[in-house]
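Peer 1: Quick note: the sequence shown uses this note's numbering, first residue 10, plus one each step.
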Amino acid sequence: MNTILKSSSDLPILEAKLRKELRGEVYFDRFNRGRYATDASIYQIDPLGVVVPRTWHDVETALEIAREEGVSVLPRGGGTSQSGQTVGASIVLDLSKYLHEIISVDPEGCECEVEPGIVLDHLNAHLKSHGLWFPVDVSTASRATLGGMAGNNSCGTRSIRYGIMRDNVISLDTILADGSKLRFGEAINDLNASDPSGFATDIASTLLAIGRRDAAEIAAKFPTLARRVGGYNIDALVSGKDPINLAEILVGSEGTLGLTTKLKLKLSHLPRNKVLGVCHFPTFHDAMESAQHIVKLEPTAVELVDRTIMELAREIPIYRNTVERFVNGKPDALLLTEFAQEDQAENLRRLKQLSELMGDLGFKASVVEVVDPELQKEVWEVRKSGLNIVMSMKSEGKPVSFIEDCAVPLEHLADYTDRLTQVFQKHGTTGTWYAHASVGCLHVRPVLNLKLEEDTVKMRAIAEEAFDMVKEYKGAHSGEHGDGLVRSEFHQKIYGQRLVRSFEETKQLFDPQGLFNPGKIVHPSR
Numbered sequence: 010m011n012t013i014l015k016s017s018s019d020l021p022i023l024e025a026k027l028r029k030e031l032r033g034e035v036y037f038d039r040f041n042r043g044r045y046a047t048d049a050s051i052y053q054i055d056p057l058g059v060v061v062p063r064t065w066h067d068v069e070t071a072l073e074i075a076r077e078e079g080v081s082v083l084p085r086g087g088g089t090s091q092s093g094q095t096v097g098a099s100i101v102l103d104l105s106k107y108l109h110e111i112i113s114v115d116p117e118g119c120e121c122e123v124e125p126g127i128v129l130d131h132l133n134a135h136l137k138s139h140g141l142w143f144p145v146d147v148s149t150a151s152r153a154t155l156g157g158m159a160g161n162n163s164c165g166t167r168s169i170r171y172g173i174m175r176d177n178v179i180s181l182d183t184i185l186a187d188g189s190k191l192r193f194g195e196a197i198n199d200l201n202a203s204d205p206s207g208f209a210t211d212i213a214s215t216l217l218a219i220g221r222r223d224a225a226e227i228a229a230k231f232p233t234l235a236r237r238v239g240g241y242n243i244d245a246l247v248s249g250k251d252p253i254n255l256a257e258i259l260v261g262s263e264g265t266l267g268l269t270t271k272l273k274l275k276l277s278h279l280p281r282n283k284v285l286g287v288c289h290f291p292t293f294h295d296a297m298e299s300a301q302h303i304v305k306l307e308p309t310a311v312e313l314v315d316r317t318i319m320e321l322a323r324e325i326p327i328y329r330n331t332v333e334r335f336v337n338g339k340p341d342a343l344l345l346t347e348f349a350q351e352d353q354a355e356n357l358r359r360l361k362q363l364s365e366l367m368g369d370l371g372f373k374a375s376v377v378e379v380v381d382p383e384l385q386k387e388v389w390e391v392r393k394s395g396l397n398i399v400m401s402m403k404s405e406g407k408p409v410s411f412i413e414d415c416a417v418p419l420e421h422l423a424d425y426t427d428r429l430t431q432v433f434q435k436h437g438t439t440g441t442w443y444a445h446a447s448v449g450c451l452h453v454r455p456v457l458n459l460k461l462e463e464d465t466v467k468m469r470a471i472a473e474e475a476f477d478m479v480k481e482y483k484g485a486h487s488g489e490h491g492d493g494l495v496r497s498e499f500h501q502k503i504y505g506q507r508l509v510r511s512f513e514e515t516k517q518l519f520d521p522q523g524l525f526n527p528g529k530i531v532h533p534s535r
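Shown next as structure tokens:
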């Protein structure tokens, strides 16, 4: 599909059609296109226009008009993606303003059904009265939508206990490129139920055939990490101990395969008791080396905070007092280690074990114990605001997201971070570090000034060297934030040509004309 219209005069025709047929808002002016030209990534691409649908009929009509006019469509939620998933020269469909209903909650079954535009914090506020929550607790929970989280296969702080998005989605109701409406879930019968044409059977049989054909290649090339969100989840098509859930193909597909209209989600019980141990380390390497030992105590989270974040947070009035309460002296790194068993006595026992472990590792009396729930909340707020804190850096260079979330096996984490630091030094820069030490996924951002051509050259060189290292360690070049415009071109390096062709085959099966979000995951630009 050609996403560029034949002439600029076609845009008014497209706009007029959309305005005539839709109840929702339609924007083709420069200001509003500019608002949707960016997301939380480093990219800026003007969309052709913006549609804010009020109803699902609006959505279906907009897709129909896009097909007729030969333009692509880009579904968008909160725009919190950091890899450029939600920018492109397409018609942006903003589902966050009106399509955000909680359809149903089943407290006994620990399930709910929601529309894709609902924000995570809003859902969890509603679920709290039932003693439940949706536990994929991303740091952007105040604005990230569930549809976007499914599209990105989001992960969150506590994935070591609860898993990532693909582990918590039961089914997805989806509109495909030809207008078909199908439900993707565990049972193949679910997929067929609303499709008398047999199209669903064709999709299911083709997907399962890909799983059988590529099982050995997937086993050889897919990183065996909890944190791997690159490419399509074709590993979910391989028969194993768990039933195959076809929804996993759509989870992490970044809006390139279809448009989700309803999500059925698995919920968890809210933990009643929690404690936090703030482990102090004299060097960053010590923290990275220790993470593999700390996870053996079965914490719910092990989160890194580096010296840069601590120093910057001390300069921000709303964080200064909190930092002084949980940071002793001037450590080079912290690991925030949470235990959340039902029995508080068990949490306190594990907190004691943590102190003993740290002593055995050579860091005696290095754990600040945080039992007070209010202070725990404040500590987590500092960690949750890590991105905002590092972006407060007062310099022309800023921490830039492009190798943001590479993940490696925990036993290689210290070595990987040492070597990556040397790469930064070779290119005359440093990096900021925070995030999920529990699963070997670190949010590392080299400090660069992208106004300078020499720094954009450095960015490319650092990316290539980092991804070479990740492949060497059998890691994932994206452990949380997906492919988008940043990483899609590197799939061949990580997965090999055969699996890249399988990704392309999957896209062709769902969207042969390229209606949905072109240039992401398959057929990318550099």
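For glycine and all other residues, C-beta sits at the position ideal for the given N, C-alpha and C.
Keep in mind the model is a prediction, meaning the values are calculated, not measured.
(1) Run through DSSP, which three-state label would alanine 245 get?
(2) Which residues mark the beginning and the end of the beta strand (DSSP E) in which glutamate 120 is found?
(3) In the structure shown, what three-state DSSP assignment does tyrosine 328 receive?
(4) If we ignore side chains and look at the alpha-carbon of each, how far apart do alanine 98 and leucine 83 end up?
(5) If you compare alpha carbons, which of His278, His289, Ser113, Gln501 is closest to glycine 338?
(6) Can you name, in chain order, every residue of its own chain whose Cβ lies under 6 angstroms from the Cβ of phenylalanine 231, other than the five neighbours on each side?
(7) Under a three-way DSSP split, which group does alanine 485 fall into?
(8) Anyone know if the C-beta pair for threonine 183 and glycine 267 falls short of 7 angstroms?
(9) So the beta strand (DSSP E) tyrosine 443 belongs to, where does it begin and stop?
(10) Would you check if the stretch 396–414 and the stretch 451–469 touch, i.e. whether three or more CB-CB distances between them fall below 8 angstroms?
(11) Can you check which of these residues, Val531, Asp520, His532, is closest to serine 189 by C-alpha distance?
(12) What is the DSSP secondary structure of lysine 26, counted as helix, strand or coil?
(13) Flag this pair as touching only if the stretch 302–322 and the stretch 420–432 have three or more C-beta atom pairs under 8 angstroms; answer yes or no.
(14) Near leucine 20, which residues of its chain fall below 8 angstroms by C-beta distance, leaving aside the five closest residues on each side in sequence?
(15) Is asparagine 162 buried or exposed, if buried means 16 or more other CB atoms sit within 10 Å of its CB?
(16) Should glycine 140 and histidine 278 be called a contact, given that it needs their Cβ atoms to be closer than 7 angstroms?
(17) So, does the stretch 142–151 touch the stretch 370–388, judging by three or more C-beta pairs under 8 angstroms?
(18) Can you list, in chain order, the residues of its chain whose CB lies under 7 angstroms from that of glutamine 385, leaving out five sequence neighbours each side?
(19) Name, in chain order, the residues that DSSP records as bridge partners for valine 61.
(20) Where leucine 313 and tryptophan 442 are concerned, what is the direct C-alpha to C-alpha distance, given to the nearest angstrom?
(21) Please list, in chain order, all residues of the same chain as threonine 12 whose beta carbon is under 7 angstroms from its beta carbon, the five residues on each side excluded.
(22) Name the one or two DSSP bridge partners that isoleucine 471 has.
(23) Expressed to the nearest angstrom, what Euclidean distance is found between the alpha-carbon atoms of alanine 470 and lysine 483?
(24) On a CA-only basis, which of Lys26, Val123, Phe512, Val399 is nearest leucine 276? Give me that one, please.
(25) Assess, as a yes-or-no matter, whether the stretch 220–237 is touched by the stretch 497–507 under the definition of 3 or more beta carbon pairs within less than 8 angstroms.
(26) Do you know how far the Cα of histidine 532 is from the Cα of valine 448?
(27) How many Å lie between aspartate 176 and lysine 271 at the Cα?
(28) In the DSSP output, which residue or residues are listed as bridge partners for glutamine 53?
(29) Taking DSSP as the reference, what is the three-state secondary structure of glycine 286?
(30) Alpha carbon to alpha carbon, how far is threonine 265 from lysine 516? Give it in angstroms, no decimals.
(31) Alpha carbon to alpha carbon, how far is glycine 33 from leucine 429? Give it in angstroms, no decimals.
(32) With the cut-off set at 7 angstroms, would you say phenylalanine 499 and phenylalanine 476 are in Cβ contact?
(33) Please work out which residues of its chain come closer than 8 angstroms, Cβ to Cβ, to methionine 10, disregarding the five sequence neighbours upstream and downstream, and give them in chain order.
(34) Count the other CB atoms, across all protein chains shown, that sit within 10 Å of the CB of arginine 392; report buried if there are 16 or more and exposed otherwise.
(35) Using 7 angstroms as the limit for Cβ to Cβ distance, is serine 364 near chain D?
Peer 2: A quick look at the data gives this:
(1) helix
(2) In the DSSP annotation of this structure, the continuous segment of the beta strand (DSSP E) that includes glutamate 120 starts and ends at 120–123.
(3) helix
(4) 9 angstroms
(5) His289
(6) Asp244
(7) strand
(8) yes
(9) 440–445
(10) yes
(11) Asp520
(12) helix
(13) Flag = no, the stretch 302–322 and the stretch 420–432 do not touch.
(14) Leu14, Phe37, Leu57, Gly58
(15) buried
(16) yes
(17) The way I'd put it, the stretch 142–151 doesn't touch the stretch 370–388; fewer than three beta-carbon pairs between them come closer than 8 angstroms.
(18) Closer than 7 angstroms at the Cβ level, and outside the excluded window around glutamine 385, lie Lys283, Leu285, Val379.
(19) Glu34
(20) 7 angstroms
(21) In this predicted model, threonine 12 has a pLDDT of only 48, less than 50, meaning its place in the structure is not dependable enough to derive any value.
(22) When DSSP reads this structure, isoleucine 471 sits in no beta bridge, so it has no partner.
(23) Here the C-alpha atom of alanine 470 lies approximately 20 angstroms from the C-alpha atom of lysine 483.
(24) Of Lys26, Val123, Phe512, Val399, the smallest CA-CA separation from leucine 276 is found for Val123.
(25) Inter-segment contact for the stretch 497–507 and the stretch 220–237 is present: three or more beta-carbon pairs are separated by less than 8 angstroms.
(26) C-alpha separation (whole angstroms): 30 angstroms.
(27) Put simply, the backbone Cα of aspartate 176 is about 17 angstroms away from that of lysine 271.
(28) Thr47
(29) strand
(30) The alpha-carbon separation between lysine 516 and threonine 265 amounts to approximately 7 angstroms.
(31) 48 angstroms
(32) yes
(33) Confidence at methionine 10 is low in this model, with a pLDDT of 48, below 50, so the placement of that residue is unreliable and no value is reported for it.
(34) buried
(35) You won't find chain D in this structure, because it holds only one protein chain.
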